[in-house]
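Colleague:
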Amino acid sequence: MEDGTPAGLSVEIADADNAPSSSSAASTRKRKSHVLRDAKPKKKKKAKVSRPPRLGYTVEQGEDMLLIISNTNQYDNIWRPNAKGRKKKKILKGKAKVTPAKKKNTVLPKGKATKKPLIKKGELEPTLQHHQEEGFDSWGQSLPVEVLVNIFKMVVHQDGAVPFLCRVAQVCHLWNAAAASPALWRSVSVGYCWLEPGKTHLPKTELKIRNTLSWLAQNRFSQVRDFSLNHWKKNVDHVVEVVSQSCPHLRSLKLSYCTGVTEKAFQSLSGSCRSLDSINVQYSEIQVEGLVTFLESYGSQLRQILFTHGPRNDRLLTAISTFRMLNVIPMPKMTRNWSGSTSGFPLLEELCMATTAVSFMTDQDLTKIVYDSPKLRVLDLRGCSRITAAGLSSLPCEELECLYWGLYFSSNVTVSLSKKGIHLLTQKWSGTLQELDLANQLFSEEDMELAMGHLAQRTGENPLRSLNLSGTKVTTPALRLVIGQSTALNYLNLSSCRYLPRGLKKLYRGQEEIHQLLDKLE
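Following this line, the structure appears as structure tokens:
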């Protein structure tokens with residue numbers, strides 16, 4: 001070629017109408033025309049409309065309750081966990097599913113690694129934010145706190161407040177607010193983590209335990225009525241102290257299988273818990289002097305005290321004996337080697353074994369208590385239906401002044417075994433008895449006549465001031481005899497006495513009313 005153009009080089013000339021300004025622009029435009037010619041027309045995307053999913057329940061408010069009605073049925077799509085071993089597939093928003101090609105074993109150059117495809121934030125569907133915006137978590141936010149508290153209350157009644165309420169409080173803000181309701185923290189029982197024998201917690205763990213109990217007492221125990229501590233070997237004084245300071249309404253305290261209970265714990269109780277009426281220290285190692293000091297100062301407000309008797313509890317029994325107690329249930333401890341040489345209660349003057357329930361005390365049990373109590377003056381056995389007149393007449397006390405032996409409940413009357421021998425009691429104590437209560441005792445008419453006759457045979461001034469014969473089989477001649485000789489009598493109960501005439505079966509107070517009754521009997 002004369003023009004100098006190399007061989008094999010082809011030159012394309014475009015049409016005159018589309019002539020570019022340069023050869024590079026022509027080639028670029030030509031490639032774009034080929035791409036546009038081969039590409040398919042794109043489809044218009046439909047605008048996505050976000051619709052909140054249908055809730056699984058409906059809350060209907062009635063006159064006095066909230067009804068939660070389920071909206072799901074057997075055809076609804078319910079979430080199910082993935083089967084074991086099933087792989088989760090990620091779907092990219094706006095992308096078609098692409099079947100992954102088979103991987104080829106390729107050798108990469110040293111020092112180079114494969115790059116993972118980048119997924120932009122918001123491409124995964126659905127996300128947590130999307131769930132919250134679309135209403136997936138709305139049931140947890142709109143559930144009334146009162147409903148949740150009632151549900152928690154059922155669990156607390158069955159399993160206790162701790163550790164259930166401490167765990168559910170970490171679920172969400174709604175559950176935390178419900179778990180903090182004071183109505184759920186009325187009765188609390190705290191146990192202790194078991195340790196192998198001879199091992200103890202680390203100092204940091206001990207401090208954490210103390211701080212946890214202190215926080216609970218200050219933030220959750222303001223309405224606690226009953227508190228129980230079980231199997232604690234350390235920090236018992238600290239727990240009792242923080243509980244007494246934070247629980248002004250505390251009524252019952254139970255320390256079971258605890259050790260290290262010193263006088264400091266009882267001092268904190270006496271200074272803060274004015275409503276405390278029950279203490280249970282069974283099977284716990286306590287400092288007896290501290291409990292005795294508490295009883296001497298605040299024992300009058302107690303209604304129940306439970307403890308395990310031991311050789312060092314003599315001072316405790318002495319402090320308890322200064323109070324009049326009801327519903328005392330003795331539980332004798334079985335011992336293999338019992339010498340029987342104990343001194344008993346030689347200084348005992350008053351004994352109350354009265355009960356409002358069924359009593360299982362027998363003559364043998366009573367004799368074991370007062371076999372060495374010659375100074376006994378007051379004996380209260382109301383409700384003790386298994387005690388007999390023969391057993392009472394064998395007691396060593398010779399100057400008994402008050403005997404209360406009435407039966408005031410149907411359960412006591414039905415199991416009554418004492419139906420004869422009442423005259424043995426009035427014969428033994430006719431010169432010292434000042435108050436006698438035989439209500440609903442089922443003695444025969446003959447026994448009652450003999451008993452009233454012994455009371456009337458008192459030489460000198462008769463000391464009898466009070467006589468309760470309601471529900472007995474006392475007759476008119478026996479009643480006339482005892483009233484005529486009891487000049488100091490100012491209380492007489494004859495209600496429900498079936499063997500007396502009508503109009504006389506009532507309560508008489510004062511000597512004037514009793515003298516009018518005597519005139520009617522004559």
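Quick note on numbering: full-length UniProt numbering labels position 317 of the sequence shown as 317, and the sequence is numbered without any gaps. For every residue, glycine included, the Cβ atom is placed at its ideal position computed from N, Cα and C. These numbers were taken from a predicted model, which means no experiment stands behind them.
Starting from the C-beta of A265, find all residues in its chain whose C-beta is less than 6 angstroms away, skip the five residues before and the five after it, and write them out in chain order.
Modeller: Closer than 6 angstroms at Cβ, skipping near neighbours: D237, V240.
Colleague: Whole-angstrom Cβ separation of V288 and R251, contact assumed at under 8 angstroms?
Modeller: Between R251 and V288 the Cβ distance is about 23 angstroms, and since that is not below 8 angstroms, they are no contact.
Colleague: Measuring alpha carbon to alpha carbon, tell me which residue in V242, K419, W429 is nearest S394.
Modeller: Minimum Cα distance to S394 is reached at W429.
Colleague: When the Cα of T356 is compared with those of N230, G406, N313, Q170, which residue comes out closest?
Modeller: Here the closest residue by C-alpha is G406.
Colleague: Please return the same chain residues whose Cβ sits closer than 7 angstroms to the Cβ of S270, not counting the five positions on each side in sequence.
Modeller: Closer than 7 angstroms at the Cβ level, and outside the excluded window around S270, lie F294, S297, Y298.
Colleague: Could you pull the start and end residues of the beta strand (DSSP E) that L366 belongs to?
Modeller: L366 -> not in any beta strand (DSSP E); alpha helix (DSSP H) instead, spanning 363-370.
Colleague: State yes or no: is the C-beta of G191 within less than 7 angstroms of the C-beta of N230?
Modeller: Contact: yes.
Colleague: Measuring straight from C-alpha to C-alpha, what distance separates N313 and C172?
Modeller: Each residue's Cα considered, the two are about 51 angstroms apart.
Colleague: Within a Cβ cutoff of 8 angstroms, which residues of the same chain sit near D277, ignoring the five residues on either side of it in sequence?
Modeller: R251, S252, Q301, L302, R303, Q304.
Colleague: Does DSSP put Y192 in a helix, in a strand, or in coil?
Modeller: Here Y192 sits in coil by DSSP.
Colleague: Pull up the distance between the alpha-carbon of L504 and that of P477, whole angstroms please.
Modeller: Spanning the two alpha carbons is a distance of roughly 14 angstroms.
Colleague: Going by the CB atoms, is the gap between Q434 and R465 shorter than 7 angstroms?
Modeller: Against a cut-off of 7 angstroms, the Cβ pair of Q434 and R465 comes out as a contact.
Colleague: Quick one: complete beta strand (DSSP E) runs, 3+ long, within the stretch 450-482?
Modeller: Counting only runs of 3 or more, we get 466-468.
Colleague: Could you check where the alpha helix (DSSP H) with F227 kicks off and where it finishes?
Modeller: Careful: F227 lies outside any alpha helix (DSSP H), inside the beta strand (DSSP E) at 226-230.
Colleague: Cβ atoms of T432 and L455: under 7 angstroms apart, would you say?
Modeller: Taking 7 angstroms as the Cβ cut-off, L455 and T432 do not qualify as a contacting pair.
Colleague: At the level of alpha carbons, what is the spacing between S214 and C352?
Modeller: When rounded, the distance between both Cα atoms is 41 angstroms.
Colleague: Going by alpha carbons, who is nearest to T388 out of F227, G290, H423?
Modeller: Residue H423 is the option with its Cα nearest to T388.
Colleague: Quick one: is E398 buried, meaning 16 or more other Cβ sit within 10 Å of its Cβ, or exposed?
Modeller: Exposed, since its Cβ has fewer than 16 Cβ neighbours within 10 Å.
Colleague: Our contact map puts R480 next to L521 with C-beta atoms below 8 angstroms; I'd like the distance itself, whole angstroms only.
Modeller: R480 to L521, Cβ: 4 angstroms. Contact.
Colleague: Please confirm whether any heavy atom of the ligand GTP lies closer than 6 angstroms to the CB of S394.
Modeller: Looking at this structure, you won't find the ligand GTP or any other ligand, since it has none at all.
Colleague: What's the gap between the Cα of T475 and the Cα of F443?
Modeller: Using only the alpha carbons, I get a separation of about 12 angstroms.
Colleague: List the whole-angstrom C-beta distance separating L469 from L494, where the pair is believed to meet the contact cut-off of C-beta under 8 angstroms.
Modeller: Sure, about 6 angstroms apart at Cβ, within 8 angstroms.
Colleague: In whole angstroms, what is the alpha-carbon distance linking A390 and L379?
Modeller: So the two alpha carbons sit approximately 15 angstroms from each other.
Colleague: Return the first residue and the last residue of the beta strand (DSSP E) that D380 is part of.
Modeller: D380 -> beta strand (DSSP E) spans 378-380.
Colleague: Would you say L492 and Y508 are within 7 angstroms of each other, going by their C-beta atoms?
Modeller: Contact: yes.
Colleague: Could you check how far apart the C-beta atoms of S272 and S244 are, in whole angstroms? I think they sit under 8 angstroms.
Modeller: The pair is a contact, with the Cβ atoms about 4 angstroms apart (cut-off 8 angstroms).
Colleague: Quick one: which unbroken beta strand (DSSP E) runs of 3-plus residues sit fully inside the stretch 485-512? Chain order, please.
Modeller: The qualifying runs are 491-493, 507-509.
Colleague: With DSSP as the reference, label G122 as helix, strand or coil.
Modeller: Residue placement at G122 is flagged as unreliable, the pLDDT there being 46, under the threshold of 50; the coordinate-derived value follows with that caveat. In the structure shown, G122 sits in coil (DSSP, three-state: anything other than H, G, I, E or B).
Colleague: Skipping 5 residues on each side, what residues in its chain have a beta carbon closer than 8 angstroms to that of E461?
Modeller: The residues are T487, A488.
Colleague: CB Q282 to CB T308, shorter than 7 angstroms?
Modeller: Yes.
Colleague: Cα separation between L216 and H249?
Modeller: Rounded to the nearest angstrom, the two C-alpha atoms are 16 angstroms apart.
Colleague: Out of V242, R382, L207, N280, point me to the one whose CA is closest to V224's CA.
Modeller: Answer by Cα proximity: V242.
Colleague: Suppose contacts are defined by Cβ-Cβ distances below 7 angstroms. Is L306 in contact with N280 by that definition?
Modeller: Yes. Within cutoff.
Colleague: Quick one: give me the first and last residue of the alpha helix (DSSP H) that Y404 is part of.
Modeller: From DSSP, Y404 is part of no alpha helix (DSSP H) but of the beta strand (DSSP E) over 402-404.
Colleague: State the Cα-Cα distance for the pair Q170 and P163, rounded to the nearest angstrom.
Modeller: Those two C-alpha atoms are separated by around 12 angstroms.
Colleague: Grab me the residues of G62's own chain with a C-beta within less than 7 angstroms of its C-beta, minus the 5 sequence neighbours each way, in chain order.
Modeller: Any answer about G62 is weak, because its pLDDT of 45 lies below 50 and its placement is not dependable; what the coordinates show is given next. So the list is empty, once near-sequence residues are dropped.
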